[in-house]
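Report on the structure given below.
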Amino acid sequence: MSITSSRRTTSTRRRDGTGDGEGERSRRRRGDTGDGEGERSRRRRGGQEGGAGDSRRGGRDRRRKRGGRGRTVLALCLSLLVLVVAGAGWLYMRLNGDINTFDAGGLSDNRPAAGSSKGENVLVIGSDARTGGNSALGGGDQNDIGRSDTAFLLHIYADHQHAVAVSIPRDTLVTIPPCKLPDGSWTETQTDKMFNAAYSVGGTAEGNPACTQNTVENLTGMRVDHTVVVDFKGFAALTQVVGGVEVCLPNDIYQRDLNPNRTVRGKMLFAKGPQKVSGQQALDYVRIRHGIGDGSDIGRIKRQQAFVSSLLTKVKSNGLTPTKLFPLADAATKSLTVDPGLGSADKLISFAMSMKDIDLHNTKFITIPWRYQGERIAIVEPDADAMWAALRADRTLDGKDASGRKNAGAQASASASPDPAATVSGAGLSVAVYNGTTVTGLAGHASSVLTAHGFTVTGTDTARSQDHPDTRVEYGPGQEATARTVALLFPGAQLASVTAPGVSVVLGQDYADSPAAKASAPPVPVPSSVADSARSADDNPCSDLSYG
Numbered sequence: 000m001s002i003t004s005s006r007r008t009t010s011t012r013r014r015d016g017t018g019d020g021e022g023e024r025s026r027r028r029r030g031d032t033g034d035g036e037g038e039r040s041r042r043r044r045g046g047q048e049g050g051a052g053d054s055r056r057g058g059r060d061r062r063r064k065r066g067g068r069g070r071t072v073l074a075l076c077l078s079l080l081v082l083v084v085a086g087a088g089w090l091y092m093r094l095n096g097d098i099n100t101f102d103a104g105g106l107s108d109n110r111p112a113a114g115s116s117k118g119e120n121v122l123v124i125g126s127d128a129r130t131g132g133n134s135a136l137g138g139g140d141q142n143d144i145g146r147s148d149t150a151f152l153l154h155i156y157a158d159h160q161h162a163v164a165v166s167i168p169r170d171t172l173v174t175i176p177p178c179k180l181p182d183g184s185w186t187e188t189q190t191d192k193m194f195n196a197a198y199s200v201g202g203t204a205e206g207n208p209a210c211t212q213n214t215v216e217n218l219t220g221m222r223v224d225h226t227v228v229v230d231f232k233g234f235a236a237l238t239q240v241v242g243g244v245e246v247c248l249p250n251d252i253y254q255r256d257l258n259p260n261r262t263v264r265g266k267m268l269f270a271k272g273p274q275k276v277s278g279q280q281a282l283d284y285v286r287i288r289h290g291i292g293d294g295s296d297i298g299r300i301k302r303q304q305a306f307v308s309s310l311l312t313k314v315k316s317n318g319l320t321p322t323k324l325f326p327l328a329d330a331a332t333k334s335l336t337v338d339p340g341l342g343s344a345d346k347l348i349s350f351a352m353s354m355k356d357i358d359l360h361n362t363k364f365i366t367i368p369w370r371y372q373g374e375r376i377a378i379v380e381p382d383a384d385a386m387w388a389a390l391r392a393d394r395t396l397d398g399k400d401a402s403g404r405k406n407a408g409a410q411a412s413a414s415a416s417p418d419p420a421a422t423v424s425g426a427g428l429s430v431a432v433y434n435g436t437t438v439t440g441l442a443g444h445a446s447s448v449l450t451a452h453g454f455t456v457t458g459t460d461t462a463r464s465q466d467h468p469d470t471r472v473e474y475g476p477g478q479e480a481t482a483r484t485v486a487l488l489f490p491g492a493q494l495a496s497v498t499a500p501g502v503s504v505v506l507g508q509d510y511a512d513s514p515a516a517k518a519s520a521p522p523v524p525v526p527s528s529v530a531d532s533a534r535s536a537d538d539n540p541c542s543d544l545s546y547g
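Quick note: the sequence shown uses numbering that gives the first Met the number 0, first residue 0, plus one each step.
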């Protein structure tokens with residue numbers, strides 16, 4: 000074959016990609032240099048490999064070989080980069096495929112307005128579901144209805160430097176607003192019901208997180224931005240991924256402490272003192288209620304708060320980077336149920352990264368102000384209202400403004416003392432507040448105004464009817480003077496004499512439409528009963544672990 004025909008053959012190979020199975024064009028697209036030199040260099044030499052001019056070509060050949068090695072390294076790096084990007088994409092697809100979302104159609108139409116609090120609010124629910132392999136971890140009938148014994152509302156302040164988690168005991172007596180049932184109908188409002196009953200509305204195995212969210216929004220007057228449900232498997236997997244969590248026990252714990260139905264004490268599950276737990280053992284730790292203190296849910300909440308503190312400490316010590324978060328997200332998403340707003344891997348990881356600057360000492364855990372009412376838990380007012388008002392205003396537990404605004408304190412003081420309310424003093428006077436409208440959070444707002452002026456708010460609730468056009472101040476025998484003092488804060492309110500003792504404000508639509516109701520509530524301090532019992536995420540894991 001002549002050199003000319005050889006060149007034609009080479010040209011044909013370049014056009015149709017045949018010859019060696021791929022073709023030079025395909026290799027060039029991939030940055031592949033073949034044997035380190037390439038077809039173009041051979042063509043420049045006329046297809047010859049030896050003969051005259053070798054001495055001159057020697058230097059060029061060495062340079063070409065060095066260049067070939069450089070191109071090979073570059074090609075390898077590019078290939079690795081493609082693999083990394085492709086792998087990340089595959090991970091995102093896998094994470095997205097694992098995330099379950101609940102039906103947002105179950106959320107109430109009567110919600111606090113967006114921006115009702117300055118920071119973000121995330122409701123975290125621990126599910127006791129026995130479905131999907133959870134029965135092996137928690138025991139019980141896998142056909143049982145969904146239940147939840149653990150819930151807290153995480154408030155992330157607008158400055159993204161502070162956060163506080165408020166635990167709501169499962170036995171707390173609350174009002175459960177209308178919730179959606181599986182057949183599409185809605186329940187009636189239920190009063191004086193245990194808080195954990197909201198999750199079981201509808202009687203389904205997966206539970207009703209939307210109903211719990213409706214209940215929390217009704218209770219707090221704050222809009223819940225996101226809801227996350229974690230089941231047994233997800234919780235156990237998280238603790239394993241981080242390599243275990245440091246916990247502490249105030250005394251030895253035995254099998255009967257975890258399952259009081261046992262007739263014998265059984266073997267020891269935990270020894271007194273500090274230790275590291277993960278998986279099933281971590282789950283057993285946070286579920287233990289009996290055998291410590293008075294065996295109440297209040298004591299268990301204290302240990303759960305200590306556990307979450309240790310978990311956050313471990314995660315932060317490992318590093319809050321996408322690389323570190325991927326394994327956590329992979330473990331969590333397999334057993335998470337979230338609202339549609341968090342229903343993708345990038346949203347979940349982005350949300351987690353938004354909290355990376357929150358210092359452990361500025362991450363607080365508290366429990367809603369409470370007292371025993373028989374075997375149940377009653378909310379203590381006005382402490383609870385003052386606490387919610389402070390969170391809505393982005394006030395930390397020590398009274399600092401964490402809204403991230405400049406001159407926020409001066410603005411707050413200016414709006415806190417409007418005329419004629421500036422001269423009103425409610426010292427020594429008690430009043431109850433009822434929302435007679437469908438505007439959520441109105442009673443909490445009015446309670447904040449009253450508390451800021453020295454009144455003692457004995458309770459807030461929804462009125463029997465929610466179609467009151469005008470605000471009324473109702474007073475019992477001998478309470479007219481107090482009622483008139485209260486009415487000074489509600490210009491235009493009607494005074495009404497009733498037979499029941501005490502003084503009550505029934506808020507009407509006129510108050511809902513007033514500039515005062517639409518303005519930010521005046522800043523009020525968090526009650527010392529709440530602030531003094533707060534736990535920081537960096538506290539000693541062996542401190543404050545029981546009650547009674």
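We put the beta carbon where it would ideally sit given N, CA and C, even for glycine.
Given A516 as reference, the closest of A462, G458, P524, T439 once Cα atoms are compared: By alpha-carbon distance to A516, the top candidate from A462, G458, P524, T439 is T439.
Taking the alpha carbon of G183 as the point to measure from, which residue in D170, T190, V200 has its own alpha carbon closest? V200
Less than 7 angstroms between C-beta atoms, sequence neighbours within five positions excluded: which residues of the same chain meet that for D293? Y546, G547
How many Å lie between G435 and S107 at the Cα? 18 angstroms
For N213, does the three-state DSSP call read helix, strand or coil? helix
Does the beta-carbon distance from Q508 to H467 come in below 8 angstroms? yes
How is S308 classed by DSSP in three states: helix, strand or coil? helix
Tell me the rounded alpha-carbon separation between P381 and K271. If I take the Cα positions, the gap works out to 38 angstroms.
Can you give me the C-alpha to C-alpha distance between V472 and S496, rounded to a whole angstrom? The alpha-carbon atoms of V472 and S496 are separated by roughly 9 angstroms.
Could you round the C-beta distance between L268 and I252 to whole angstroms and report it? I think they count as a contact, below 8 angstroms. Between L268 and I252 a beta carbon distance of about 5 angstroms is seen, short of the 8 angstroms cut, so the two are scored as contacting.
Alpha carbon to alpha carbon, how far is T481 from V502? Spanning the two alpha carbons is a distance of roughly 7 angstroms.
Buried versus exposed, by CB contacts within 10 Å (16 or more), T262: Here T262 is exposed: its Cβ has fewer than 16 other Cβ atoms, across all protein chains shown, within 10 Å.
Distance, Cα to Cα, G125 vs K399? 31 angstroms
What is the residue span of the alpha helix (DSSP H) that A377 lies within? Per DSSP, A377 is not a residue of any alpha helix (DSSP H); the beta strand (DSSP E) it occupies stretches across 375-378.
Could you check how far apart the C-beta atoms of V215 and L335 are, in whole angstroms? I think they sit under 8 angstroms. The beta-carbon distance between V215 and L335, rounded to whole angstroms, is 18 angstroms. This is too long to meet the 8 angstroms contact definition.
Does the Cβ-Cβ distance between D170 and D296 come in under 8 angstroms? yes
Cut-off 6 angstroms between Cβ atoms - residues of its own chain near V525, not counting five sequence neighbours on either side: M386, A389, L396
With DSSP run on the structure shown, which of helix, strand or coil describes M193? In this structure, M193 counts as strand in the three-state DSSP scheme.
Does DSSP put S54 in a helix, in a strand, or in coil? With a pLDDT of only 48 at S54, under the threshold of 50, the placement of this residue in the model should not be trusted; the figure read from the coordinates follows. Looking at S54 - three-state DSSP - the assignment turns out to be helix.
Residue nearest to N195 in terms of C-alpha spacing, selected from V173, T186, E187, V246: V173
Within the continuous beta strand (DSSP E) that includes E205, where are the two ends? E205 -> no beta strand (DSSP E), and no H or E assigned at all.
Cut-off 7 angstroms between Cβ atoms - residues of its own chain near G104, not counting five sequence neighbours on either side: Once the five neighbours on either side are set aside, the close Cβ partners of G104 are K179.
Can you tell me whether S126 is helix, strand or coil according to DSSP? strand
Would the segment 348-364 count as touching the segment 156-169 if we require 3 or more Cβ pairs under 8 angstroms? Yes, they touch.
Let's test the definition: count the other Cβ atoms within 10 Å of the Cβ of S527 and tell me whether it reaches 16, buried, or not, exposed. exposed
Bridge-paired residues (DSSP) for W185: Secondary-structure assignment with DSSP links W185 through a beta bridge to K179.
Would a C-beta distance cut-off of 8 angstroms place A281 and L324 closer than the cut-off? no
Within 10 Å of its beta-carbon, does K355 have 16 or more other beta-carbons around it, so buried, or fewer, so exposed? exposed
Unbroken alpha helix (DSSP H) run spanning H154, endpoints: Secondary structure note for H154: it is in no alpha helix (DSSP H), and the uninterrupted beta strand (DSSP E) holding it is 147-155.
Suppose the cutoff is 7 angstroms on Cβ atoms and the five residues either side in sequence are ignored; what does the same chain contact list for A235 look like? L136, G278, Q279, A281, L282
Looking only at C-alpha atoms, which of T455, D102, V448 sits nearest to L428? T455
Sorted by chain position, which residues of the same chain lie with C-beta nearer than 6 angstroms to H225's C-beta, five sequence neighbours on each side aside? V121, D338, G340, L341
Using the beta-carbon count (16 or more within 10 Å), is S402 buried or exposed? buried
Under the three-state reduction of DSSP, which class applies to H225: helix, strand or coil? strand
Check the DSSP bridge columns for W369 and list the partner residues they point to. I378
What is the rounded straight-line gap between the Cα of R483 and the Cα of S513? Computed Cα separation, rounded: 20 angstroms.
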